[in-house]
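Following: one structure in structure tokens, then a few remarks.
There are 2 protein chains.
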Amino acid sequence: MFEVKVKIMLKKGISDPEGANTLKALHLLGFDKVTDAKTIRTFDLLIEGTDKNKVKNDVEKMCQRLLTNPVIHNYEIEIEEK
Amino acid sequence: MFEVKVKIMLKKGISDPEGANTLKALHLLGFDKVTDAKTIRTFDLLIEGTDKNKVKNDVEKMCQRLLTNPVIHNYEIEIEEK
């Protein structure tokens, strides 16, 4: 059994309206020391199996087919055996 | 300057429709070894300052006032000096 975290970030230059609005709201609340806010989405998956390389390949495929949009996203995969 | 990551997870027992739908879609695509999918939202903040404890206190306040909903969310704060 593996626990896999897929961190999905927006590529540089892609606008992050949720991050921008969060930053604005923090400033309105008086937290004016905050200079940047970005959002990251993470999928935390549990995957059955014994072969870490196979799991890694499968997760790469999941990213390409469903989890991420390669036009706007970068992603990182962390795999931990359970 | 500090880089602060606020990881926001749903509490146990709170339904995660995005995770559930992702799991369903992964199964439909043939990734049937995936047994669970959860979503985690992370805010990546840049905060000016020199006092780590003060930054930590401020981020706790941001979580309580804006970033999280204490009824449904747990959160973790990671602070790294830059």
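Going down the list, the sequences are from chains V and S. Going by our numbering, the first residue of the first sequence is number 1, and it counts up by one from there. Going by our numbering, the first residue of the second sequence is number 1, and it counts up by one from there. Note that the Cβ used here is the ideal one computed from N, Cα and C, for glycine as well.
State the DSSP-derived secondary structure class of residue i, mapped to helix, strand or coil.
i: V:Glu48; result: coil
i: V:Leu29; result: coil
i: S:Lys7; result: strand
i: V:Val55; result: helix
i: V:Lys38; result: strand
For residue i versus residue j, is the C-beta spacing smaller than 8 Å?
i: S:Thr39; j: S:Val6; result: no
i: S:Ile8; j: S:Tyr75; result: yes
i: S:Ala37; j: S:Thr50; result: no
i: V:Met1; j: V:Leu46; result: yes
i: V:Leu29; j: S:Arg65; result: yes
i: S:Val4; j: S:Val71; result: no
i: S:Glu81; j: S:Lys52; result: yes
i: V:Glu48; j: S:Thr35; result: yes
i: S:Leu12; j: S:His73; result: A quick correction: the sequence has Lys, not Leu, at residue 12 of chain S. In this structure, S:His73 does not lie closer than 8 Å to S:Lys12 by Cβ.
Considering only DSSP beta bridges, list what residue i is partnered with.
i: V:Arg65; result: DSSP output for V:Arg65 lists no bridge partner at all.
i: V:Asn74; result: V:Met9
i: V:Glu18; result: According to DSSP, which records beta bridges pairwise, V:Glu18 is partnered with nothing at all.
i: S:Glu81; result: S:Phe2
If the cut-off is 7 Å on Cβ atoms, which residues from the stretch 33 to 53 of chain S count as contacting chain V, listed in chain order? Cβ proximity to chain V below 7 Å picks out Lys33, Val34, Thr35, Asp36, Ala37, Lys38, Thr39, Ile40, Arg41, Thr42, Phe43, Asp44, Leu45, Leu46, Ile47, Glu48, Gly49 from the stretch 33 to 53 of chain S.
To be precise: take each residue of the stretch 21 to 32 of chain S, compare its Cβ to all Cβ atoms of chain V, and keep it if any distance is under 8 Å. Which residues remain? Of all residues in the stretch 21 to 32 of chain S, Thr22, Ala25, Leu26, Leu29, Phe31 have a Cβ within less than 8 Å of some Cβ in chain V.
Output needed in chain order: residues of the stretch 60 to 73 of chain V with a Cβ under 7 Å from some Cβ in chain S. Met62, Arg65, Leu66
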